[in-house]
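As given, the protein sequences belong to chains A and B, one line each in that order. In this note's numbering, each number is its position in the first sequence, counted from 1, plus 30. In this note's numbering, each number is its position in the second sequence, counted from 1, plus 8. A virtual CB, placed ideally from N, CA and C, is assigned to each residue, including glycine. Right, one structure below, let's go through it.
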Amino acid sequence: MKKKYILLIVLFAMLAIVPMACKKNFLTQTNTFSSTEAATFNKPQDVIAVVNSIYDTYQNSDFLKKSMWYYANFLAHDWYNNGNDIVWNNYTIPSTFGALSTFWNDSYVGISRANYALPIIADAKAKGIITSDLADRLTGEALFLRGMTYYYLTGTFGGVPLELKTGGDGLTPRSTQAQCFAQIISDMKQAETLLLSKTTLAAGDLGRATKGAAYAYEGSAQMWLGNYTAALAAFNNPELTNNYHLIPQFINVHEFNNQNNDESLFEVQFDLPAGGTQDWAGSWQPPGGELGWIDSFGWPSEITGQGYDYGSPALEYSYQTGDLRKYATILGPGDSIISPGIIAQWGGIKGYPYVTGGYASYLAAPTTDVTDKNRYTDGHGNIINTNGTATYPWYGTDGTPRSGYTDAKKWRDPNLTGGSGPQKLFGSQNQILMRYAEVLLSRAECKIRTGDVAGGLADLNLVRTRAFGGTPPAVWQDGQQVDGSQAPALTDPMQKVLSEYRHELTAEYSLMYLLRRAGTDATTGKPYDEEFIHNVNHVAGAGPDNNTSPIIYPYGPTSDGKTHGVTYNDLPAGRDILPIPQAAIGLNPNLKQNPGY
Amino acid sequence: MKKNLLLSKLNSSKKSVLILLLAICTCYSSFAQTRQITGTVTSSNDGNPVPGASVKIKGTSNGIVTDVNGAFKLSVAPGATLVISFIGYDTEEVPVGSRNVYTVRLSPNTNTLAEVAVVSIGYGTTKKKDLTGAVSSVTAATIAKNPVTTVDQALQGRAAGVQVTNNDASPGGNVSVVIRGIGSLASNGNGPLYVIDGYPLDNGGINNINPNDIASIDVLKDASATAIYGIRAANGVVIITTKKGKKGGAQVSLDASVGFQSKPKEYSVLNAQQFATLYTTIAADPKQSVALPAFAPYSDPSSLHNIDWQNEVYRTGITQNYSLAIRGGGDKVQAATSIGYYDQKGIVLGSYFKRVTFGNNTDYQPTNWLKSSTSVKYTYQDSQNLFGSNLQSGGGLVQLTELPPTLDGGNKATYLPYDGNGNYGFYNPKFTEISSYTNPLYSIGNNRSYGLSNFILANTSLEATIIDGLKVKSNVGINLSDYSGSYYSPEDDRENNQYPGSQVTNAFYSQHINQTFNWLWENTISYDKTFGKSTINLLGGASEQKTFWSGMGGQGIPPNGVIRDLAQVSNLKLDTNIPAGSNSGNGSNVKALQSYFGRATYNYDDKYLITGTIRRDGSSDFAPGHQFGTFPSGAVAWRAKEESFLKNVDWLSELKFRGSYGLVGNQGAIYPFQYEELFSTGYAASVNGGGVDNLGYPFNKLYQNGYATTQPENDNLRWETDYTTNIGADMAFLHGDLTLTVDWFNRRSKDFLLNIAFPAQTGFLDETRNIGSIDNKGLEFAVNYNHKVNSDFSYGATITLTTVDNKLTSLTSGTNYIQNFGGLTVPADGWGTFSETYIGQPVGEFYGYKSLGIIQSQAQLDALNASAVAKHGAGSVYQKTTTQPGDRYFADTNGDGIVDANDQVSLGSPLPKFYGGFDLTASYKNFDFNMYFYGVYGNKIFNFQESVLESLQNRSFVGVENVGTEYYNNYWTPSRPSNVYARASANDDVEGNNVASSAYIENGSFLKLKTFTVGYSLPSELLKNLAISKVRLYFTTQNLFTITGYKGLDPEVGMQGGNATQNGIDTGTYPSSRFYTVGVNVTF
């Protein structure tokens, strides 16, 4: 019995131990995966890092290319898609288009990162973790990036919900477009006072927002509201006019070896570090690594096996004779690439693996290998060094329709080969969102709008002078129209502005935004964008208005009686902006879809 | 293998049996009078011996008790009659004739079985008759009827209210178990809690338990029964008790079976000639919006070599299953040891599943007041499924119907999938229409993978009886499991060698390990006492359980085909922990649970029963200060049969009414720290640390780190609380031959937890929150009938039937519906949304366009477009600008004149109106028969696979794919109109005929003959000399036939990834097919 009692005591003791072991900290664990705010922001680098993550928003390809670039260029109909996104070719973009969701979602994630950063910066400043100067700069960057993100969101969708604080329930309805631009102006104005000037920005911080960039976006936002005087004031700020310049040669604006150049106001930075691999996950998936995939995908499939963008022949024809921007922008059949970087690396088009391989195949079987002969020789038995030939334009290797015209602005990274040879798909070419030429052209529009036509034309001529390598022609006139006839001389100053927007900025991230910004043409009562798209793409007799199918091109080397994927359809009412992503509406029932979608 | 085991066991077993018999003889020799007879008592139910049965000589007090093998030996006078009785069986009388050996078959008496049956209720047991809650029990004999791989499969159709679906038929199984409806939308929010021999399995792993080791399964369903498990109880509790040793000698049993699994049914798809003909027809069709380029080999279809991909990849499977167990014991020690080996070669090339289990249960009672129980189980598993079982695991079998049926024009060395000399065919990499396809035989033949896991579950308890009725018990245990896997695919430059410039696929190597360690310590005190007509049972306890998880792994490019060492790969990329805190990826985490619980029952005169249960759980998954929840429940029962006015009603053997109400919790859907505002950083791109996580930015090509909030603060995160009402009745008639249990339940799951897409405006794309409420109401029926016609023939039938009325009742997100979310990405345009759950509707309802057939004529199309123009202006079209006669005609459900995303509607529910099982057993002399049907009724299936069979385009990609023969023979052409099959299109993404629509909604009702078994037990007289007490041979077929109107291969389509929003969509999963199994059960 004695034993039994001892055991009993032991057992009861065990029972008693449980409540003792149940100390409060039994349920308190330490997170080993992520950290809390208190644990994170104790060094200046960490506070800087919270701002860096806002920039990171822009590295996503769906964001930059499939939303912003598509909008700026496919809607203006200078460029078309080949691949899975051909709905962009005729203004039938569905609200379920995947990249739009990415654009919408990542924009708000970026905005939220800015909203989170603002109190963290203030807190770090109060605690003495960062200096007052650094706090100002970082606050300015956060406000700038928030404002810029709203700028592109509003430009693309019209008014969007304004989220300016953390902790929201995500159910905010849309503000009006005017309210959004007013908010953008407010953010930019604050940023102007807080950001560093370009002159004081450290080399290692190239790519960060500057006072000049804030003035540029403020000016543009003012224009969206019709405040041309205020816009002019912003564009005339010495932070812009003193610190940024047109670089001497247009071709160099987008050269790979000339990134972050003196003309660039804001460019999205990419990097392919030494030893880095071609990693789809690094770039493709949100929120993106440091690689860009934007460029080689638009090259001819004869070079890359891809060829997902192609140009409108009308764009190439429309360059006025002597305009040096033409072959720096678009290459048609028989045109040689003029990028110094590409020529240095490959000797031009002739050096690419598919070309050399195809030419070798032709040499091995000169009489039977007709495909390679047509594709990779110049018609005289020599290796081809042009973007196809007039006799055998490069319509692509897979039978799907392409026009034979290629984007030369994005054919600059000499490291890329697309799907061919070493399979270098992903590169590190930065993407310029805002440059000084756009500021000058916008300033020209402001001057014209406010009655200073001469001043406006003078600003346009600053840009045209570079374009023509000296004094521009006295007659303002585009080149040929789509049917090959000479375009009439331009007399309306606004038409001159729009023509410059197109010829200077097409294939960048601006054109459609600027066309829409111009609003309504008072003389015709029609929106400028609708009118412009109609005028530059359509000539009576060349095809019906609103045609949505590819039609036979009436002029030029590709007018062979067959369709090559170019359409002329007009911009339908309401389709100058994109549909709010269906998924976003699904999650926030307060969002109302744009009329017409 | 089987034979050797049997023979080697025979000798030693023989000895033990002889020793045992000698002992019995010695004991009872004094009763020897005239003549000695021997015999065996067996159960007519399953032919198993009945140990402990009383064998008496009628009219005397002489008799003995059968031994562990059911054997007896007795001296009898001529003309005597034996009276054989045992609890739970009808008593038999056998006149002694001239024979010396007797076999007595006892028939189970359901009524008495119910009286004495013991049910595990968590931290204790109770008699079935004293139950106040809703509990279903499944016995070992029932489990043994169906040769299943895993325990959860054994539950299918056996317990009312428990819905078990084989999500796919891959080796090792992928089973979902849902008890009383879907209460949560989270993938890991619906599984029941499994308790193995008193150990709650906090981290899953039920498939590590060998079904042969199970003595009983008790499924606790209502809150009264489950509340003792508090925060883990909302989805029901499955209590599994494994077989233990019994006093009185040793029993050796051997179960062995070999099964063949036939090749599955195949989809009928085009052969090479048909495919090339279709291709060239469409390439020449001017109505196509995207033209197909010419491909020279297709220009002469008759010259092509055909490949039947399904035939190439499917094979006959073989399953082997062996279990050997020794169970028995003396007065103080009883033990059970078992070894199991399961080996399945799957019907898909390269797939297998192997499992080795062994375990030991030991009970030791050194004194009459002290007792210990120890249970140790170990399991090793090795499985491989190189081809993936479904869309989610990498494309998989849906591909087999998509792959163009010829490889001609590809590999210049061979047109065969594999020529036997190291050459695998491939598709022409230069022809973009087919260049993205991979020959699956190459992948299966050249890639290597392994996934090994170890599982140990060990616990031991010490129980002391302090005074009569007062017991103190301490239970300590651990559950350790680990996983180690790797995958290797070699560099593939075959295409580039023949077609320079083609893609070279890098070699790839990945390796992952993880370990989960869980410990449990529970102390309970209980007191049972009867005072006159009153009986009380009191239980109180405290428990702590803690889980440590850690994992590590990465992937990269190996330097060559030999090295399997992560340290040597280039571009090493470590696993990512997504979602943070989950048991995945690279890192570690800890979860802890601290609990107190109590239960009191009061029984008055065996008529009136009351139970009250409470558990207070503290969980580390919630914010400090918000960690504890209390879960109370109460129940009453009235055994009306015991009342005087029914006591003597002969036709009614039992009548009991039960009612309960209670609260139980569910925290299964969240991970640690989801309440905290968290910041996270990324990796520098130079280490390729996963672009997904990279939050930094390269200023002037110099990378700088980024930090961002990845999760907002939410201290209000709570467990889900289920408010459950249950009203039930238990009845028995015909002296217990017929029993009926009916339950009505109302389960209201409030604040279920879910990580769900949130408006991006919050700054977060998804967040875990308490999302809303779901109601499940239903009725459960379980009917059992057993009848013994005579001593040779008896039969029985069991029916279980469950109805569940499920609906989402509220959402906190501000929206009125939830879209499908989770891992299933259906690779086709217009399939991004295939389910939407609206408030007031069942969860996982299908969603899409309503198909009205096919547009037959230009006139019809013009009229539709004209109405669009009337409402929306010039240039507007009814459907698409590309729409032509022959395209699918979708309904303009909102009447705005055009068909767009706003016209999508609910298309039906994947949830059945009812489901159940029907089991028929019979025995005649030495034969036993079992037929077991399982069925569901009233559900819909979204047949995505059918849309694949109707699409020539490899949707969402550039290229073409094979189509179904039915489609090929019937697709719309102007001269061959169809109102079912749209015109053939080379670009369905543009044409949009095969978007998610009602055209693919089918009735999913089915009735499946799951098993049909015939068994034969060798006559015991024959075995006597071999010292074997029982040998039963059996033959079983599974999935012999399915009655269904469903067009796909198998209507048993489950929840993909356990996610209720991905339920019932047939994406061509691993098909089930017929098994033919022969086996033997031997007992020594």
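Residues that residue i bridges to, as DSSP identifies them
| i | result |
| --- | --- |
| T806 of chain B | B:N792, B:D927 |
| P640 of chain B | B:I622 |
| Y711 of chain B | B:P706 |
| K353 of chain B | B:I326, B:Y360 |
| K1038 of chain B | B:T1091 |
| R642 of chain A | Since the first and last residues shown for chain A are 31 and 627, residue 642 of chain A lies out of range. |
| I486 of chain B | B:A466, B:W527 |
| Y247 of chain A | Answer is none; Y247 of chain A lacks a bridge partner. |
| A3 of chain B | Within the shown structure, residues of chain B are numbered from 9 to 1092, placing residue 3 of chain B beyond reach of any answer. |
Cα-Cα separation, residue i to residue j
| i | j | result |
| --- | --- | --- |
| T597 of chain A | D437 of chain A | 18 Å |
| E320 of chain B | L449 of chain B | 8 Å |
| F56 of chain A | Q635 of chain B | 11 Å |
| D263 of chain B | A241 of chain B | 35 Å |
| Y897 of chain B | S297 of chain B | 18 Å |
| S518 of chain B | Y121 of chain A | 44 Å |
| Q1070 of chain B | Q1064 of chain B | 6 Å |
| N279 of chain B | W839 of chain B | 27 Å |
| V512 of chain A | L345 of chain A | 9 Å |
| T781 of chain B | A648 of chain B | Checking the displayed sequence, the identity of residue 781 of chain B turns out to be Ser instead of Thr. If I take the Cα positions, the gap works out to 37 Å. |
| V127 of chain B | F760 of chain B | 30 Å |
| I607 of chain A | Y543 of chain A | 9 Å |
Segment limits, alpha helix (DSSP H) that includes residue i
| i | result |
| --- | --- |
| I333 of chain A | 331–334 |
| W317 of chain B | 317–321 |
| K228 of chain A | Where K228 of chain A is concerned, there is no enclosing alpha helix (DSSP H), given that its DSSP letter is neither H nor E. |
Run of the beta strand (DSSP E) containing residue i, from where it starts to where it stops
| i | result |
| --- | --- |
| P57 of chain B | It is not in any beta strand (DSSP E) - P57 of chain B carries neither H nor E in the DSSP assignment. |
| P374 of chain B | 359–375 |
| S1025 of chain B | 1014–1025 |
| S142 of chain A | No beta strand (DSSP E) holds S142 of chain A; the alpha helix (DSSP H) holding it covers 128–156. |
| Y275 of chain B | Segment: none, Y275 of chain B is in no beta strand (DSSP E) and carries neither H nor E. |
| D226 of chain B | 222–228 |
Distance between beta carbons of residue j and residue i, contact taken as under 8 Å
| i | j | result |
| --- | --- | --- |
| K1032 of chain B | V109 of chain B | 7 Å |
| G448 of chain A | I333 of chain A | 6 Å |
| I442 of chain B | P412 of chain B | 5 Å |
| Q328 of chain B | E274 of chain B | Going by Cβ atoms, the distance from Q328 of chain B to E274 of chain B rounds to 26 Å, so no, they are not a contact pair. |
| L228 of chain B | G141 of chain B | 7 Å |
| Q389 of chain B | R363 of chain B | 5 Å |
Any non-hydrogen atom of the ligand ATP closer than 7 Å to residue i Cβ
| i | result |
| --- | --- |
| Y85 of chain A | For the ligand ATP, the structure offers nothing, since it holds no ligand at all. |
Original post:
Taking only runs of the alpha helix (DSSP H) that begin and end inside the segment 403–472 of chain B, which ones reach a length of at least 4 residues, in chain order?
Top reply: Along the segment 403–472 of chain B, the alpha helix (DSSP H) occurs as fully enclosed runs of 4 or more residues at 406–410, 448–454, listed in sequence order.
**OP:** Go through the segment 409–459 of chain A residue by residue and report every complete run of the alpha helix (DSSP H) that reaches 4 residues or more, in order.
**Re:** Annotation note: the segment 409–459 of chain A contains no uninterrupted alpha helix (DSSP H) run of length 4 or greater.
Original post:
What are the start and end residues of each continuous beta strand (DSSP E) run of 3 or more residues lying completely inside the segment 123–187 of chain B, in chain order?
Top reply: Qualifying beta strand (DSSP E) stretches, in chain order: 126–128, 133–135, 143–147, 170–176, 182–187.
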